[in-house]
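To get my numbering, take the position in the sequence shown, counting from 1, and add 61.
Ideal Cβ positions, reconstructed from N, Cα and C, are used throughout, including at glycine.
In this text the structure is predicted, and so the values were computed from the model without any measurement.
Since the structure comes first, as structure tokens, the remarks are kept for the end.
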Amino acid sequence: MPELPEVETVVRGLRKYCLNKQIKKIDVLYSKLITGDINKIINKTITDIYRRGKNIIFKFEKIYMTVHLRMEGKFFIKNHDEALAKHDHINFIFDDFDLRYNDTRKFGEIHIQDTDFVDVGVEATNITYDALRGNKPIKEILLDQHKIAGIGNIYADEICYYAKVMPNEVLKEDKYDLVIEGANKILNESIKCGGCTIRTYSYFGVEGTFQNHLMVHTLKYCKKCNTKIATTKVAGRTTYYCPKCQKNNIIIGLTGGIATGKSTVEKLLEKKGYNIIDTDLIVRDLWKDEKVLNDLKKLFNVKEISKEVVRNIIFNSEEERLKLNHYMHPLVKDIVLSRIKNGVNIIDAPLLFESKFDSICDFTICVYLDNEEAKCRLMERDNLTELEAIKRINSQMDIAKKRKLSTFSVDNSKGEAYRIKNLDEVLEKIGL
Ligand SMILES: [Zn+2]
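Given below as structure tokens:
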């Protein structure tokens, strides 16, 4: 789909041919593209042609024609005697040439109206702080035509790359200036190049060359750092980014079974200066929160609430446990996300996979011991009977399954020296 620079290129081409000319006759071969009475523009002089977002506006005396090319809409200048091409849907006949609207997919729109109003946000070359606000990924905001007009999939990726932000990042205000600067530079530079020529279509006879200047969109390797470009989906669109240039943090999920020694490994990671986000501590704080306690009273239909009360309710009931998790996990996740910093982040989460926190992690590490050893440790540590210890262990996802789901695992059964060595090997593999 043509974006702002390509539409601007079309507008400049149209101005060259059509400005101050009159349309003498219009042949409509496919009328469904049009709203309003197209005959109203016959014998009227085109006094201006300009762009609003991705819309092309033809100004006549007291009437306007706005055109949105959508996926495949194109204009061609032809001589009167040239045969119509397949998918030529409207022929605007001027004194000395034809202007033909061609659209293979028929998604384009042509509106005849009394004003030049189009329902779009600020121009993409004039983005405001207000337009960038909103608790959504930056790419989604850049693509929202009601907020910012003119940016599509290609330039959204390029602008995120320029601003060194991840397309799925919810941006803090201190990044806005770079996004605005990037949009101005990239879009204006592309206009100078005549936009991007994608799939051999040239916009109005201009062979755009900006596709050669793209830094990330559809590229295999980053032009700056040679890292392999990664893809993901944001707002349903295929999104390209450089993991090295745009991502300024690493998120590692740390998990384990009950009494497998995860806390010991956490302490080792903390000593390395990594940002530790301990979900147990977050949960502990939530249990002191009035609103949370009130919600839980309602959820379990009890008058008095405490950890003990809930523990008894959920201990023997899978259904009740899920109820608690459905309530707690999103709260914890929001707090975790708000604590992510630049650099290395460790999310310590016993329920890493059960709560699907692994989806926000780049890597996951499982600290493991076999169940027999964990059982003995647990009995000793918490002064439990064998049966109680087994029940506690069985209440969580099996450690073998956690290991399988994790990117890496650290063996905690062979003493401190081995544990440290094993952890360092894992960190080296991650590139730390
Ligand atoms: Zn790079």
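Compute the Euclidean distance between the alpha carbons of residue i and residue j, then round it to the nearest angstrom.
i	j	result
Gly-318	Ile-247	50 angstroms
Met-227	Tyr-78	42 angstroms
Asp-356	Tyr-388	9 angstroms
Lys-285	Met-276	8 angstroms
Gly-269	Val-71	11 angstroms
Asn-104	Gln-83	5 angstroms
Ile-102	Asn-81	13 angstroms
His-148	Asp-164	6 angstroms
Lys-236	Asp-180	27 angstroms
His-150	Ile-117	17 angstroms
Glu-170	Gly-195	29 angstroms
Lys-364	Asn-373	15 angstroms
Val-487	Asn-310	17 angstroms
Asp-495	Ala-224	With the chain covering 62 to 493 only, the question about residue 495 has no answer from this structure.
Cys-303	Glu-201	18 angstroms
Leaving out five residues before and five after residue i in sequence, what residues of the same chain have Cβ atoms less than 7 angstroms from its Cβ?
i	result
His-278	Ile-215, Asp-218, Glu-219 and Tyr-301
Asp-109	Lys-120
Please report the residue range of the beta strand (DSSP E) in which residue i lies.
i	result
Arg-453	Arg-453 -> not in any beta strand (DSSP E); alpha helix (DSSP H) instead, spanning 447-455.
Val-267	Segment: none, Val-267 is in no beta strand (DSSP E) and carries neither H nor E.
Ala-291	291-295
Lys-281	Looking at the DSSP string, Lys-281 is not in any beta strand (DSSP E), and its letter there is neither H nor E.
Asn-187	It is not in any beta strand (DSSP E) - Asn-187 carries neither H nor E in the DSSP assignment.
Leu-160	159-164
Tell me whether residue i sits in a helix, a strand or coil according to DSSP, three-state version.
i	result
Gly-492	coil
Gln-83	strand
His-141	coil
Asp-16	In the structure displayed, the chain extends from 62 to 493; residue 16 sits before or after that span and is not available.
Lys-135	strand
Ile-215	helix
Arg-73	helix
Ser-474	coil
Glu-230	coil
Leu-413	coil
His-274	helix
Cys-221	helix
Thr-468	coil
Asp-149	strand
Asn-429	Asn is not the amino acid found at residue 429; the sequence shown has Tyr there. Strand.
Leu-484	helix
Would residue i count as contacting chain C if we go by Cβ distances under 8 angstroms?
i	result
Lys-308	Absent here is chain C; the protein component of the structure consists of one chain.
Where does residue i land, buried or exposed, given buried means 16+ other C-beta within 10 angstroms?
i	result
Arg-442	exposed
Met-132	exposed
His-141	exposed
Ala-244	buried
Arg-166	exposed
Glu-477	exposed
Phe-178	exposed
Phe-376	exposed
Gly-74	buried
Ser-367	exposed
CB-CB under 8 angstroms to residue i, same chain, minus the five flanking residues each way: which ones, in chain order?
i	result
Ala-435	Gly-318, Ile-319, Ala-320, Thr-321, Ile-454 and Ile-460
Glu-69	Arg-112, Ile-252 and Gly-256
Lys-323	Leu-315, Thr-316, Gly-317, Asp-409, Pro-411 and Val-428
Ile-206	Correcting the residue identity first, residue 206 is Gln in this sequence and not Ile. Excluding sequence neighbours, Gln-206 sits near Gly-114, Lys-115, Val-181 and Gly-182.
Going by beta carbon distance, what residues of the same chain come within less than 6 angstroms of residue i, once the five residues before and after it are set aside?
i	result
Gly-213	Met-62 and Glu-64
Lys-135	Asn-163
Thr-468	Phe-424 and Thr-425
Tell me which residue opens and which closes the alpha helix (DSSP H) that residue i is part of.
i	result
Tyr-125	Premise fails: Tyr-125 lies in the beta strand (DSSP E), 125-129, not in any alpha helix (DSSP H).
Glu-433	432-443
Val-344	340-347
Asp-109	Per DSSP, Asp-109 belongs to no alpha helix (DSSP H); it is in the beta strand (DSSP E), 109-113.
Thr-325	323-332
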